[in-house]
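A short write-up of the structure that comes next.
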Amino acid sequence: MKPGYAAVLMLMLACPAQAWAQDASCDADDRTAVTSLDALPAQVQDLLGRARPGVAGIADVGGKFNPSDVILDQSVPMRRLIGGAAGQRCIRLTVEYGGVGHDRKTLEYHLIANNWIQLKGANPERAPAVLPAGVR
Numbered sequence: 042m043k044p045g046y047a048a049v050l051m052l053m054l055a056c057p058a059q060a061w062a063q064d065a066s067c068d069a070d071d072r073t074a075v076t077s078l079d080a081l082p083a084q085v086q087d088l089l090g091r092a093r094p095g096v097a098g099i100a101d102v103g104g105k106f107n108p109s110d111v112i113l114d115q116s117v118p119m120r121r122l123i124g125g126a127a128g129q130r131c132i133r134l135t136v137e138y139g140g141v142g143h144d145r146k147t148l149e150y151h152l153i154a155n156n157w158i159q160l161k162g163a164n165p166e167r168a169p170a171v172l173p174a175g176v177r
């Protein structure tokens, strides 16, 4: 095998291992259960939309939210935190999204260069509307 090919092969093999190592940091033993939005860093709360009023916001665990597209109260959010786990550098949350695309999504935030960044999960707004095939 030529030296150039060997270097490329080694780089290709190293990348998945590095990605796995980053994901594994979320599975560290130092995680604590997230039972409220209050347990999250302010920056993650902001990314989730905690300060946003109405349907663009997020309800806390067990809080009132709009589970369907029938919005009788504009002050109630379309999303609700179900729970999660937080470590020093990684937070995994399960969020329930109301509406036609009623769903639960796992969101993952990593602390990178002193900033929390969402790396996995849904758009922070709301679940995409999924219409039945006959309606599209």
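Under the numbering used here, read the sequence shown as residues 42 to 177, first letter to last.
Glycine is no exception: its CB is placed at the ideal position from the N, C-alpha and C atoms.
Return the first residue and the last residue of the alpha helix (DSSP H) that Asp87 is part of. Ala83 to Leu89
Neighbour-count burial assignment, Arg133, 16 or more Cβ in a 10 Å radius: buried
Relative to the C-alpha of Gln129, which residue among Ala92, Arg93 and His151 is closest? His151
Proximal residues to Ala100 (C-beta, below 8 Å), its chain only, five neighbours per side dropped: Phe106, Val117, Pro118, Arg120, Arg121 and Leu122
Return the chain-ordered list of same chain residues with a C-beta closer than 7 Å to the C-beta of Gly104, the five sequence neighbours on each side being excluded. Arg121
Just confirm the distance between the C-beta atoms of Ala127 and Arg72, as a whole number of angstroms; I'd bet it's less than 8 Å. 6 Å
Where Val136 falls: helix, strand or coil (DSSP): strand
Any idea if Val75 is buried or exposed, counting beta-carbon neighbours within 10 angstroms, 16 or more meaning buried? buried
With 16 other CB atoms within 10 Å as the buried threshold, where does Asn156 fall? exposed
Reduced DSSP category for Val117 - H, G, I as helix; E, B as strand; rest coil: coil
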